[in-house]
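Same order as they appear, the protein sequences are chains A and C.
Taking numbering that gives the first Met the number 0, the leading residue of the first sequence gets 0, the next gets one more, and so forth.
Taking numbering that gives the first Met the number 0, the leading residue of the second sequence gets 0, the next gets one more, and so forth.
What follows is one structure encoded as structure tokens, with my remarks underneath.
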Amino acid sequence: MTPSKQPITNEDASSQEVPSQEAPPQEEVAQPETVLSEVTEATEQPQDGIIEGGWEYVVPTYALSWIVLVAYSWSVLTKFKRGS
Amino acid sequence: MTQESSSANQPVSKPVGRTSLYLVILGFVMIGLTHAWVLTADLKEASMGETGRILYVHVPTAWISMLIYVWAFWCACAVLWTGKRKWDHKQEACLEVGLVLNIMLLFQGSIWAKPTWGTYWTWDPRLTSSAVMAISFAGILIMRRMIHSPDKRIRTSAVATIVAFINVPFVYFCVQLLPSIHQMQSSPETVDTQMAWPLRAAAFGFLFLGIGLVGLRAIVAQRRMSAEDKAPDLPPEPAALAMEDA
Numbered sequence: 000m001t002p003s004k005q006p007i008t009n010e011d012a013s014s015q016e017v018p019s020q021e022a023p024p025q026e027e028v029a030q031p032e033t034v035l036s037e038v039t040e041a042t043e044q045p046q047d048g049i050i051e052g053g054w055e056y057v058v059p060t061y062a063l064s065w066i067v068l069v070a071y072s073w074s075v076l077t078k079f080k081r082g083s
Numbered sequence: 000m001t002q003e004s005s006s007a008n009q010p011v012s013k014p015v016g017r018t019s020l021y022l023v024i025l026g027f028v029m030i031g032l033t034h035a036w037v038l039t040a041d042l043k044e045a046s047m048g049e050t051g052r053i054l055y056v057h058v059p060t061a062w063i064s065m066l067i068y069v070w071a072f073w074c075a076c077a078v079l080w081t082g083k084r085k086w087d088h089k090q091e092a093c094l095e096v097g098l099v100l101n102i103m104l105l106f107q108g109s110i111w112a113k114p115t116w117g118t119y120w121t122w123d124p125r126l127t128s129s130a131v132m133a134i135s136f137a138g139i140l141i142m143r144r145m146i147h148s149p150d151k152r153i154r155t156s157a158v159a160t161i162v163a164f165i166n167v168p169f170v171y172f173c174v175q176l177l178p179s180i181h182q183m184q185s186s187p188e189t190v191d192t193q194m195a196w197p198l199r200a201a202a203f204g205f206l207f208l209g210i211g212l213v214g215l216r217a218i219v220a221q222r223r224m225s226a227e228d229k230a231p232d233l234p235p236e237p238a239a240l241a242m243e244d245a
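Structure, rendered in structure tokens:
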């Protein structure tokens, strides 16, 4: 990567005169975007951070909670009734 | 402690059992109606989408689990202070009900973490301390099964409960004290008014259910202690006591 290969816009034509050391390296700019896209793919979220849908997580959470509550309550009630 | 042995042989108060039973029924009705409401109403959270509905089961579970652990801590202090066995029965009941809610809490949070954080588990301070809380109180319940002498069991588990309880305030406040991926504590003041009422209703449902279950479980613990006093050579396992009843 050399500074002479970087794109030059019409608005910033004077940048040709800027010393090559001041131009940011292209790889450093691109790196955070690459990491962000990898994280986004891993979390299955769109770019704006809003989760679409989610019933496939809501239903198991409620089902599991109800199963545990009913099963434990039934267990306690059975022990209570057995002794009364 | 020995002068209280007779209290274990006293007949179980029927009104207490009946009230506890009604509280369990009331709790289930309130939780059922609230969950039907939050699963059918238009309560889609702005950024979390439908997964935001997990809030109405996860947060009340956390609140009541920790509240019951506070109750267990209070009972443990009362056992050591007064030496009365009735506090040990309540402490045992609180430990068991609190642990059930605590384990439920970990599973709920794990499922919720997948769509929001991209992983089922991470070693975050809140998650780790919640797991430590469950393991420590489960350890006390296991320890109670292993100590056959009632007096020694009562004192040891009371001290262990007080020690284990040190972690409970840390679980609650760690999201403020340490860098954490977990959000700050939720309360009706920190959520939208549309979400506050179902959250309150679910919390009261869990509260009634928790109190009712602790009441019933304490009566079971009292009966078990009474059976132990009648047959002190028997180990305190329920299987052995059931065989004795038969």
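Note that beta-carbon positions come from the ideal geometry of N, C-alpha and C, so glycine has one too.
Note that the coordinates shown come from a computational prediction; the quantities given were computed from them, not determined experimentally.
Mapping the DSSP letters down to three states, classify residue i as helix, strand or coil.
i	result
E91(C)	helix
E44(C)	strand
V190(C)	coil
L105(C)	helix
E51(A)	coil
L98(C)	helix
K78(A)	helix
W120(C)	coil
S225(C)	helix
A220(C)	helix
T60(A)	helix
A133(C)	helix
A200(C)	helix
A112(C)	helix
A230(C)	coil
V69(A)	helix
V38(A)	Unreliable positioning characterises V38(A) in this predicted model, as indicated by a pLDDT of 49, which lies under 50. The coordinate reading is nonetheless provided below. Correct three-state label for V38(A): helix.
L140(C)	helix
S19(C)	helix
Tell whether a beta-carbon distance below 9 Å holds between residue i and residue j.
i	j	result
M47(C)	T118(C)	no
C93(C)	S128(C)	no
P197(C)	W36(C)	yes
S269(C)	A163(C)	What the structure shows of chain C is the stretch from 0 to 245, and residue 269(C) is not part of that stretch, so it cannot be assessed.
K78(A)	R216(C)	yes
I30(C)	L68(A)	yes
T60(C)	Y56(A)	no
L140(C)	E95(C)	yes
G209(C)	T33(C)	no
L79(C)	I161(C)	yes
V15(C)	G138(C)	no
G26(C)	G211(C)	yes
P59(A)	I110(C)	yes
A112(C)	I49(A)	no
V64(A)	V56(C)	The sequence shown places Ser at residue 64(A), not Val. Taking 9 Å as the Cβ cut-off, S64(A) and V56(C) qualify as a contacting pair.
L100(C)	S64(C)	yes
S179(C)	V58(C)	no
L104(C)	V190(C)	no
E227(C)	R143(C)	no
M132(C)	Y68(C)	yes
K89(C)	W70(C)	yes
So with Cβ pairs under 9 Å, would you call residue i a contact of chain B?
i	result
L206(C)	Within the model displayed, chain B is absent; protein chains A and C are what it includes.
Under the criterion of a Cβ to heavy atom distance below 8 Å, does residue i qualify as lining the ligand SAM?
i	result
F207(C)	Absent from the structure shown: the ligand SAM. Ligands present: none.
Query raised in the report: Are there three or more Cβ pairs, one per stretch, closer than 8 Å when the segment 160-175 of chain C is compared with the segment 117-128 of chain C?
Result: yes
Query raised in the report: Going along the chain, which residues of the segment 41-57 of chain C sit with their C-beta nearer than 7 Å to a C-beta in chain A?
Result: S46, M47, G48, E49, T50, R52, I53 and V56
Report task. Return the residues of the segment 214-225 of chain C that lie within a Cβ-Cβ distance of less than 8 Å from chain A, sorted by chain order. Result -> L215, R216, I218, V219 and R222
Query raised in the report: Which residues, taken in chain order from the segment 51-63 of chain A, show a beta carbon closer than 8 Å to some beta carbon of chain C?
Result: E51, G52, G53, W54, Y56, V57, P59, T60, Y61 and L63
Query raised in the report: What runs of the alpha helix (DSSP H), each 4 residues or longer, lie entirely inside the segment 146-184 of chain C?
Result: 149-164 and 166-176
Requested in this report: With 7 Å as the C-beta to C-beta threshold (strictly closer), list the residues of the segment 97-112 of chain C near chain A in chain order.
Outcome: V99, M103, F106, Q107, I110 and W111
Query raised in the report: What are the start and end residues of each continuous alpha helix (DSSP H) run of 4 or more residues lying completely inside the segment 34-84 of chain C, in chain order?
Result: 54-81
Query raised in the report: Quick one, which residues of the segment 26-42 of chain C are near chain A if we go by CB-CB under 8 Å, in chain order?
Result: F27, I30, H34 and L38
Report task. Compile a chain-ordered list of the residues in the segment 122-142 of chain C whose CB is closer than 7 Å to at least one CB of chain A. Result -> none
Query raised in the report: Are three or more beta carbon pairs between the segment 71-87 of chain C and the segment 140-155 of chain C nearer than 8 Å?
Result: yes
**Report entry** Residues from the segment 52-86 of chain C in contact with chain A, defined by Cβ distance under 8 Å
**Finding:** R52, I53, V56, H57 and T60
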